[in-house]
Amino acid sequence: MLENFFSNFTRKLISFLRMACVLVAFVANGLSAAETRTPVALGDLPAPVQKAVGAQLAGFTVGTIERVVSEGETTFEIEATKAGQSRTHTFEADGRLASVEVLLAETPAAVQQAIKSVFGAGKIDGIEKLFEIGRITFSIDFTTTNGLERDFTVGADGRLLDVQIGLDEAPAPVRAAVDALVRGGGTVGDVYRSFEGGAPTYDVTITRSGVARDFSLLPNGAIESEQVFFAELPPAVRETVAAKITGGKLVRIDKYFGPKGGFTYEVESVRGGAAFDFSVGAKGKFLGKSE
0 MLENFFSNFT
10 RKLISFLRMA
20 CVLVAFVANG
30 LSAAETRTPV
40 ALGDLPAPVQ
50 KAVGAQLAGF
60 TVGTIERVVS
70 EGETTFEIEA
80 TKAGQSRTHT
90 FEADGRLASV
100 EVLLAETPAA
110 VQQAIKSVFG
120 AGKIDGIEKL
130 FEIGRITFSI
140 DFTTTNGLER
150 DFTVGADGRL
160 LDVQIGLDEA
170 PAPVRAAVDA
180 LVRGGGTVGD
190 VYRSFEGGAP
200 TYDVTITRSG
210 VARDFSLLPN
220 GAIESEQVFF
230 AELPPAVRET
240 VAAKITGGKL
250 VRIDKYFGPK
260 GGFTYEVESV
270 RGGAAFDFSV
280 GAKGKFLGKS
290 E
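Note that numbering that gives the first Met the number 0 has the sequence shown beginning at 0, numbered continuously upward.
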């Protein structure tokens, strides 16, 4: 009987510690203050970043280095010059190269064609090659012919993934839904028309009480998903999430609403250096890895 007591106690303690570790990390990630930038000397970079800089930037002249903390995530932006061309390289704290500035001519032909078709007669302000877990994308900043600064994302195959728009460019039902979400105190941030799932959706960032979260809306104004934070999850869901990402890193959680009123939690995480995305039911049941 005493053995059962200690066995149950140990299991509960392990579960508690898992959730506590994830909660501390993810609350910092989701509820942190605005972006901060701090100059850093090359010799003061974390060892994995110094090693990556030595390997990735061989032949470059390293210029300014900044530690950037945004939404609890720390990255290092490094200006480096080679053959008279200055580029910004962004490294994760573990040394992984997250992005690098590139020229239009350095992108694949399909990407060049997609870029030219989207921005038209506007002006390209910059292109970043993003090394996401499991895929490469290109983020393009541009200025429209009427002076608006916008951005869009293209896959390595040239497929348009999303494009920034003004709220006034969204369908009327989407505008009405956003108005309802900010009613009573809230501000609208960036708005994107997304094609990730094939049919277009509208991704909107809304800030309430100092906390920014993303909403995905269908063209008819229905909320498809809402970003949620670990601390907001029901206890059973928190326990499942914490158990599945033990030793990994929680990236984000979205609550997806089904057409018949049900919902699931879609979790993005990194485990063992690879993307580990999975679904959890409303009552905490693990539903499997996401495709």
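Using N, Cα and C, we set each Cβ at its ideal position, and we do this for glycine too.
What number of angstroms, rounded off, separates the C-alpha of Val67 from the C-alpha of Val39?
For the purposes of this step, residue 67 is taken as residue 68 along the sequence shown, with counting starting at 1. For the purposes of this step, residue 39 is taken as residue 40 along the sequence shown, with counting starting at 1. The straight-line gap from Cα to Cα measures roughly 10 Å.
To which residues does DSSP link Val162 through a beta bridge?
For this step, residue 162 is matched to residue 163 along the sequence shown. Its beta-bridge partners are Phe151, Arg192.
To which residues of the same chain is Arg207 closer than 7 Å at the C-beta, ignoring the five residues directly before and after it?
Start at 1 with the first residue of the sequence shown, and residue 207 comes out as number 208. Only Gly184, Gly185 meet the Cβ criterion.
Judging by CA-CA distance, which residue of Ala104, Pro107, Ala79, Leu96 is the nearest neighbour of Glu131?
Start at 1 with the first residue of the sequence shown, and residue 131 comes out as number 132. Per the Cα distances, Leu96.
How should Asp161 be labelled, buried or exposed, when 16 other C-beta atoms within 10 angstroms of its C-beta is the threshold for buried?
The residue labelled residue 161 in the question sits at position 162 within the sequence shown. Flag for Asp161 reads buried.
Are the CB atoms of Gly287 and Pro233 within a distance shorter than 8 Å?
Position 234 of the sequence shown, counted from the first residue, corresponds to residue 233. Position 288 of the sequence shown, counted from the first residue, corresponds to residue 287. No; because the gap between Cβ atoms is not below 8 Å, this pair is not in contact.
Compare the Cα-Cα distances from Arg270 to each of Gly261, Lys259, Gly246, Ser289 and report the closest residue.
On the sequence shown, position 271 is the one that residue 270 refers to. Comparing Cα-Cα distances from Arg270 to each of Gly261, Lys259, Gly246, Ser289, the minimum goes to Gly246.
For Ile132, which three-state DSSP category applies?
Counted from its first residue, the sequence shown places residue 132 at position 133. DSSP places Ile132 in coil when its eight states are reduced to three.
Alpha carbon to alpha carbon, how far is Asn145 from Phe118?
Taking the first residue of the sequence shown as position 1, residue 145 is located at position 146. Taking the first residue of the sequence shown as position 1, residue 118 is located at position 119. Looking at the two C-alpha atoms, the distance is approximately 12 Å.
Glu225: which of Ala120, Tyr201, Lys243 sits nearest, CA to CA?
Working through the sequence shown from its first residue, we reach residue 225 at position 226. Ranking the options by Cα distance to Glu225, first place goes to Tyr201.
Let me know the secondary structure DSSP gives Lys248 once reduced to three states.
Position 249 of the sequence shown, counting from 1, holds the residue named residue 248. Lys248 falls in the strand class under three-state DSSP.
Return yes when the Cβ of Gly165 is within less than 8 Å of the Cβ of Val190, no when it is not.
As a first step, residue 190 is located in the sequence shown; it is residue number 191 there, counting from the start. As a first step, residue 165 is located in the sequence shown; it is residue number 166 there, counting from the start. Against a cut-off of 8 Å, the Cβ pair of Gly165 and Val190 comes out as a contact.
If I follow the unbroken alpha helix (DSSP H) through Val39, where does it start and stop?
Taking the first residue of the sequence shown as position 1, residue 39 is located at position 40. Neither: Val39 is in no alpha helix (DSSP H) and is coded neither H nor E.
With DSSP run on the structure shown, which of helix, strand or coil describes Gly272?
Here residue 272 corresponds to residue number 273 of the sequence shown, with the count starting at 1. Correct three-state label for Gly272: coil.
Is Val236 buried or exposed, if buried means 16 or more other CB atoms sit within 10 Å of its CB?
Position 237 of the sequence shown, counted from the start, is the residue given in the question as residue 236. Buried, by the Cβ-count rule.
Go to Thr239, then tell me how far its alpha helix (DSSP H) extends in each direction, as first and last residue.
As a position in the sequence shown, residue 239 is number 240, starting the count at 1. 234-243 is the span of the alpha helix (DSSP H), which, as asked, contains Thr239.
Specify the secondary structure class of Ala79 as computed by DSSP and reduced to three states.
Here residue 79 refers to the residue found at position 80 of the sequence shown. DSSP places Ala79 in strand when its eight states are reduced to three.
Following the continuous beta strand (DSSP E) through Ala169, name the residue where it begins and the one where it ends.
Along the sequence shown, read from residue 1 onward, the residue named residue 169 stands at position 170. Careful: Ala169 lies outside any beta strand (DSSP E) and carries neither H nor E.
Rounded to whole angstroms, how far is the Cβ of Gly157 from the Cβ of Ala113, which I believe are closer than 8 Å?
Working through the sequence shown from its first residue, we reach residue 157 at position 158. Working through the sequence shown from its first residue, we reach residue 113 at position 114. Confirmed, about 4 Å.
Starting from Ala308 and walking both ways along the beta strand (DSSP E), at which residues does that stretch end?
This structure cannot speak to residue 308, because the chain is shown only from 0 to 290.
In whole angstroms, give me the CA-to-CA distance for Val23 and Pro45.
For this step, residue 23 is matched to residue 24 along the sequence shown. For this step, residue 45 is matched to residue 46 along the sequence shown. Low confidence applies to Val23: its pLDDT is 44, below 50, so where it sits in the model is not reliable, and the reading given next is rough at best. So the two alpha carbons sit approximately 22 Å from each other.
Nearest CA to the CA of Ala92: which residue from Val52, Glu148, Tyr255?
As a first step, residue 92 must be located in the sequence shown, where it is residue number 93. Ranking the options by Cα distance to Ala92, first place goes to Val52.
Using three-state DSSP, classify Glu231 as helix, strand or coil.
Counting from 1 along the sequence shown, the entry for residue 231 is found at position 232. Glu231 falls in the helix class under three-state DSSP.
Quick check on the burial criterion: 16 or more other C-beta atoms within 10 angstroms. Buried or exposed for Ser98?
Walking along the sequence shown from the start, residue 98 turns up at place 99. Per the 10 Å Cβ criterion, buried.
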